[in-house]
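Read through the structure below, which is laid out as structure tokens, and then see the notes.
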Amino acid sequence: MATLHRGFSASSILLLLLLVLVSSSSASPVHEILKKNALPPGIFPDTAKNYTLFSEGRILIKLDAPCNVQFDDLFQYGRAIWGKLEYGRISEISGIWFKQMITWIPITGIVAPANQDFVVLLFTLISKKYPAKNFKEIPSCRADESLPISEV
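In mature numbering (1 follows the signal peptide of the UniProt record, and there is no 0), the protein residues as written are -27 to -1, 1 to 125.
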């Protein structure tokens, strides 16, 4: 077998390249931790790549920039999203809104009940069910059209 500079074999280099290609095409750490906690990866857009997990399950998810995603409703994600991560749910959320008519309403929780085909989004006084299939794929973000007052 041919040996390259400093003892690297051709097969070692090939294996390293394959690992880089596989890791670059996989989901981000944010989407992986969602899956590990029985949450669909598509509840956060593709620009959510980094997170910090604090004590008692508090999580900070950072996006490159605020942006919108169109599901059944228009959702807006701030640059920083806080919440409490638990198995099958994120509670105490700040940094995500959905548009209802002309008003942006803050999302305060996301629940993915086990063995159900829906995801429940919690708002201040109400909740709304969405088909789980809406959140299976990681959505692409687009530039925000108008920021809620709390983000200006």
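Note that beta-carbon positions come from the ideal geometry of N, C-alpha and C, so glycine has one too.
Only a predicted model underlies this, so the values are computations on that prediction, with no experimental measurement involved.
My output table needs one value for Asn88: the three-state DSSP class, helix, strand or coil.
Within the sequence shown, residue 88 is the residue found at index 115, counting from 1. Three-state DSSP puts Asn88 in coil, outside helix and strand.
Need the endpoints of the beta strand (DSSP E) that Glu5 sits in, please.
For the purposes of this step, residue 5 is taken as the residue at position 32 of the sequence shown. Segment 2 to 9 is the alpha helix (DSSP H) holding Glu5; no beta strand (DSSP E) there.
Proximity to Ile54 [Cα-Cα], best of Val92, Leu33, Ile63
Here residue 54 corresponds to residue number 81 of the sequence shown, with the count starting at 1. Selection Val92, Leu33, Ile63 evaluated against Ile54 yields Leu33 as nearest (Cα-Cα).
Under 8 angstroms, do Gly56 and Ala11 count as touching if we go by C-beta distance?
Indexing the sequence shown from 1 puts residue 56 at position 83. Indexing the sequence shown from 1 puts residue 11 at position 38. No.
Buried or exposed: which applies to residue 136, given that a residue is buried once 16 or more other Cβ atoms fall within 10 Å of its Cβ?
With the chain running from -27 to 125 in the structure shown, residue 136 is simply not present.
Kindly indicate which residue of Glu59, Ile111, Pro79, Asn23 has the alpha-carbon position closest to the one of Glu29.
In the sequence shown, counting from the first residue as 1, residue 29 sits at position 56. The shortest C-alpha separation from Glu29 is found at Glu59.
Considering only C-alpha positions, which residue in the set Glu5, Phe91, Leu98 is nearest to Thr81?
Along the sequence shown, read from residue 1 onward, the residue named residue 81 stands at position 108. It is Leu98 whose Cα lies nearest to the Cα of Thr81.
Strand pairing of Gly56, partner residues [DSSP]
The count along the sequence shown starts at 1 and reaches residue 56 at position 83. The secondary-structure analysis by DSSP pairs Gly56 across a beta bridge with Ile32.
Indicate the three-state DSSP secondary structure (helix, strand or coil) for Gly82 in the structure shown.
Counting from 1 along the sequence shown, the entry for residue 82 is found at position 109. Judged by DSSP in its simplified three-state form, Gly82 adopts strand.
Cut-off 8 angstroms between Cβ atoms - residues of its own chain near residue 128, not counting five sequence neighbours on either side
With the chain running from -27 to 125 in the structure shown, residue 128 is simply not present.
Between the Cα of Ile6 and the Cα atoms of Tyr24, Lys102, Asp19, Asp37, which residue gives the shortest distance?
Start at 1 with the first residue of the sequence shown, and residue 6 comes out as number 33. Nearest of Tyr24, Lys102, Asp19, Asp37 to Ile6, Cα basis: Tyr24.
Helix, strand or coil at Glu110 according to DSSP, with G and I counted as helix:
Numbered from 1 along the sequence shown, position 137 holds the residue referred to as residue 110. Correct three-state label for Glu110: coil.
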